[in-house]
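Asker: One structure follows; several queries about it will come next.
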Amino acid sequence: MTDRNARNRAPQRRPDRVRKVAYQVIRQVTGEGGYANLALNKALRDAKLGGRDAAFCTELVHGTLRWQGTYDAFLKRCVSRPLADLDPELLDVLRLGAHQLLNMRVDSYAAVDEMVTLTRSELGQKRTGLVNAVLRKISQRTLDQWISTTAPHPDDDLLGYLAIAEAHPRWVIESFDRALAAGPGAAPPGETTHELERLLVADNDPPRVMLVARPGLADVDELVASGASPAQWSPYGAVLDSGGDPGLIAAVATGRAGVQDEGSQLVAVALASAKVDGDDAHWLDLCAGPGGKSALLAALVQDGELTAVEPLKHRADLVRQNLRAIPGNHKVLVGDGTKPTWPAASYDRVLADVPCSGLGALRRRPEARWRRTPEDVEELRPLQEALLDSAITSVRPGGVVAYVTCSPHPDETRAVVDAVLGRRDDAALEDARPLFPGVPDLGDGPDVQLWPHLHGTDAMYLALIRRS
Numbered sequence: 007m008t009d010r011n012a013r014n015r016a017p018q019r020r021p022d023r024v025r026k027v028a029y030q031v032i033r034q035v036t037g038e039g040g041y042a043n044l045a046l047n048k049a050l051r052d053a054k055l056g057g058r059d060a061a062f063c064t065e066l067v068h069g070t071l072r073w074q075g076t077y078d079a080f081l082k083r084c085v086s087r088p089l090a091d092l093d094p095e096l097l098d099v100l101r102l103g104a105h106q107l108l109n110m111r112v113d114s115y116a117a118v119d120e121m122v123t124l125t126r127s128e129l130g131q132k133r134t135g136l137v138n139a140v141l142r143k144i145s146q147r148t149l150d151q152w153i154s155t156t157a158p159h160p161d162d163d164l165l166g167y168l169a170i171a172e173a174h175p176r177w178v179i180e181s182f183d184r185a186l187a188a189g190p191g192a193a194p195p196g197e198t199t200h201e202l203e204r205l206l207v208a209d210n211d212p213p214r215v216m217l218v219a220r221p222g223l224a225d226v227d228e229l230v231a232s233g234a235s236p237a238q239w240s241p242y243g244a245v246l247d248s249g250g251d252p253g254l255i256a257a258v259a260t261g262r263a264g265v266q267d268e269g270s271q272l273v274a275v276a277l278a279s280a281k282v283d284g285d286d287a288h289w290l291d292l293c294a295g296p297g298g299k300s301a302l303l304a305a306l307v308q309d310g311e312l313t314a315v316e317p318l319k320h321r322a323d324l325v326r327q328n329l330r331a332i333p334g335n336h337k338v339l340v341g342d343g344t345k346p347t348w349p350a351a352s353y354d355r356v357l358a359d360v361p362c363s364g365l366g367a368l369r370r371r372p373e374a375r376w377r378r379t380p381e382d383v384e385e386l387r388p389l390q391e392a393l394l395d396s397a398i399t400s401v402r403p404g405g406v407v408a409y410v411t412c413s414p415h416p417d418e419t420r421a422v423v424d425a426v427l428g429r430r431d432d433a434a435l436e437d438a439r440p441l442f443p444g445v446p447d448l449g450d451g452p453d454v455q456l457w458p459h460l461h462g463t464d465a466m467y468l469a470l471i472r473r474s
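The structure is reproduced here in structure tokens:
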């Protein structure tokens, strides 16, 4: 037997298990419309990946999805035909390889070799030549070099440059630029560009795991004893510095605590802290799923009850799960918040955390920046206005409504509030900034916009409205 025949008959090397899991998760997200966090968590459990392997897999998935648009701009210069003509599964292999070469401390030879092996296993031998050739071209430059040769010069087109350099669609950058220039917490004159760049950089930083101790059931000290550190702003928040599985913490496992971004905690606490005269026993969460804010509000209401409304049954079940440990006569209704089944003026406080583009949570939802479109914002606007109008009608005179979005897009924040209040003479904006004690950089008000680069939170927006 010749050496050549021996080599031909030798078994092919198996792909690296962690990279294979990462690739399969990416395919679920880009090819099947899955959500990265859900698909990844399930894949890690099924593959029994933990520790360094789980961290490496997480960075492969989130990083590849986060930088997808930028990598595509580079790949266009390395492939002889339009990327749209490539099979989607092949394009995902190239993106996964580009991330290792440009944004991770992976040896170039090892990254290319592993991607070729993965391609052979998942897509067949015929695809390996293209993967090898393209990724070798990618490896010949650093990330900064690719940006400088692909993006427009910042002096000629700053937003176009940032779209490549910071991996955000241009329309998203434009909406952030508008919000920073004119919205609550607006940047000082001449500082908008600097703030915009800081925001985009912060958007690309993986978020820390934030916990909430539900009042009366757990406290921050218990979470700290479990390995967390106190949050910067929320009196109920704690950061899981270890990056471990929060489900292993007893308070989280039993529902006495939960996983909740600090910005999400702050807007719920703000609503609960606003002054109301008279009765204060009936609170409403008009758009409750999946129930993080509902659970915090239910824990905060004193001698009262929370009604949580959610139109989708499976999300209503998530709300019930979040409320399972909280005592009281709290109710979860499956229904449309724009069509109340309760009498007008029934509630003392109402949270309208409306469906939105989610542009404020791009740190934790890396695929969302490429999945959302400007049309999504436009299509959601009527629903947002209808829900806010219903919330105001549902609250009693003297009661308060918190209009909340996880988006800083001006068309989802102040524009919605102005449109609804412009049609009513029985409600008005109040200054919400005093409800965020100790939190800096809240601007001129009266509404509040939180930012990843200023506050370390999702970009949550809150407008406080009082029924007159």
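Quick note on my numbering: the sequence shown kicks off at 7 and runs consecutively.
Ideal placement from N, C-alpha and C gives every residue a C-beta, glycine not left out.
#1: Using only the alpha-carbon positions, how far apart do Ala187 and Val360 sit?
#2: With distances taken from CA atoms, which of Ser363, Arg101, His68 is nearest Phe80?
#3: Using the rule of at least 16 other Cβ atoms within 10 Å of the residue's Cβ for burial, across every protein chain shown, is Ala304 buried or exposed?
#4: At which residues does the beta strand (DSSP E) containing Thr463 begin and terminate?
#5: How should Ile281 be labelled, buried or exposed, when 16 other C-beta atoms within 10 angstroms of its C-beta is the threshold for buried?
#6: Mapping DSSP to helix, strand and coil, what is Ala237?
#7: Check each candidate in His200, Asp183, Pro252 and name the one with the smallest Cα separation from Met216.
#8: Which stretch, first to last residue, makes up the alpha helix (DSSP H) that contains Ala263?
#9: For Lys3, which of helix, strand or coil comes out of DSSP?
#10: Based on Cα-Cα distance, which residue from Ala274, Ala438, Asp323 lies nearest to Val315?
#11: For Asn335 and Gly310, what's the separation of their Cα atoms in angstroms?
#12: Within this structure, are the beta carbons of Ala219 and Ala234 separated by less than 7 Å?
#13: Exposed or buried, Glu373, counting other C-beta atoms within 10 Å across all chains shown (16 or more means buried)?
#14: Using a Cβ-based criterion (distance less than 6 Å to any ligand heavy atom), does Tyr467 qualify as near the ligand ADP?
#15: Short check: CB of Leu427 to CB of Ala276, under 7 Å?
#16: Taking the beta strand (DSSP E) that Trp457 falls in, what are its first and last residues?
#17: Any idea what DSSP makes of Ile170, helix, strand or coil?
#18: Can you check DSSP and say which residues form a bridge with Thr313?
#19: Comparing C-alpha positions only, which one of Ala117, His159, Trp152 sits nearest to Ala139?
#20: Please report the distance separating the alpha-carbon of Asp59 from that of Tyr409.
#21: Kindly confirm or deny that the stretch 161 to 171 and the stretch 118 to 129 touch, where touching means at least three C-beta pairs closer than 8 Å.
#22: Please name the residue, chosen from Ala301, Arg375, Glu95, Asp227, that lies closest to Thr134 on a Cα-to-Cα basis.
#23: Which same chain residues end up closer than 7 Å to Gln18 when comparing Cβ atoms and leaving out the 5 residues on each side of it in sequence?
#24: Can you tell me which of the three DSSP states Arg25 falls into?
#25: On the three-state DSSP scale, how would you describe Met121?
#26: Looking only at its chain, what residues have a beta carbon closer than 8 Å to the beta carbon of Ala350, apart from the 5 residues adjacent to it on each side?
#27: Work out the CA separation of Ala28 and Glu201 for me, nearest whole Å.
#28: Indicate whether Glu436 and Cys362 have their beta-carbon atoms separated by less than 7 Å.
#29: Based on the DSSP secondary-structure assignment, which residues constitute the bridge partners of Tyr353?
#30: Under a Cβ-count criterion, where at least 16 other Cβ atoms within 10 Å of its own Cβ denotes burial, should Tyr167 be classed as buried or exposed?
#31: In the stretch 46 to 94, which residue ranges form an unbroken beta strand (DSSP E) of at least 3 residues, counting only runs that do not cross its ends?
#32: Are Ala45 and Val31 touching if we call contact CB-CB under 7 Å?
#33: I'd like the list of long-range same chain contacts for Leu66, defined as Cβ closer than 6 Å, with 5 residues on each side in sequence excluded.
#34: Report yes if the CB atom of Leu441 is closer than 7 Å to the CB atom of Ser279, and no otherwise.
#35: Can you look up Thr411 in the DSSP assignment and give me helix, strand or coil?
#36: Could you check the C-alpha separation between Pro458 and Pro414 for me, to the nearest Å?
Answerer: Let me lay it out:
#1: 24 Å
#2: Arg101
#3: buried
#4: Neither: Thr463 is in no beta strand (DSSP E) and is coded neither H nor E.
#5: According to the sequence displayed, residue 281 carries Lys and not Ile. The residue in question, Lys281, is exposed, as its Cβ has fewer than 16 Cβ neighbours within 10 Å.
#6: coil
#7: Pro252
#8: Looking at the DSSP string, Ala263 is not in any alpha helix (DSSP H); the run it does join, the beta strand (DSSP E), is 263 to 265.
#9: Because the chain in this structure spans residues 7 to 474, residue 3 falls outside the shown range and cannot be described.
#10: Asp323
#11: 8 Å
#12: no
#13: buried
#14: In terms of ligand content, the structure shown is empty, and the ligand ADP therefore cannot be addressed.
#15: no
#16: Premise fails: Trp457 is in no beta strand (DSSP E) and is neither H nor E.
#17: helix
#18: Leu290, Lys337
#19: Ala117
#20: 41 Å
#21: no
#22: Glu95
#23: Arg126
#24: helix
#25: helix
#26: Thr399, Ser400
#27: 33 Å
#28: no
#29: Val401
#30: buried
#31: none
#32: yes
#33: Ala28
#34: yes
#35: strand
#36: 11 Å
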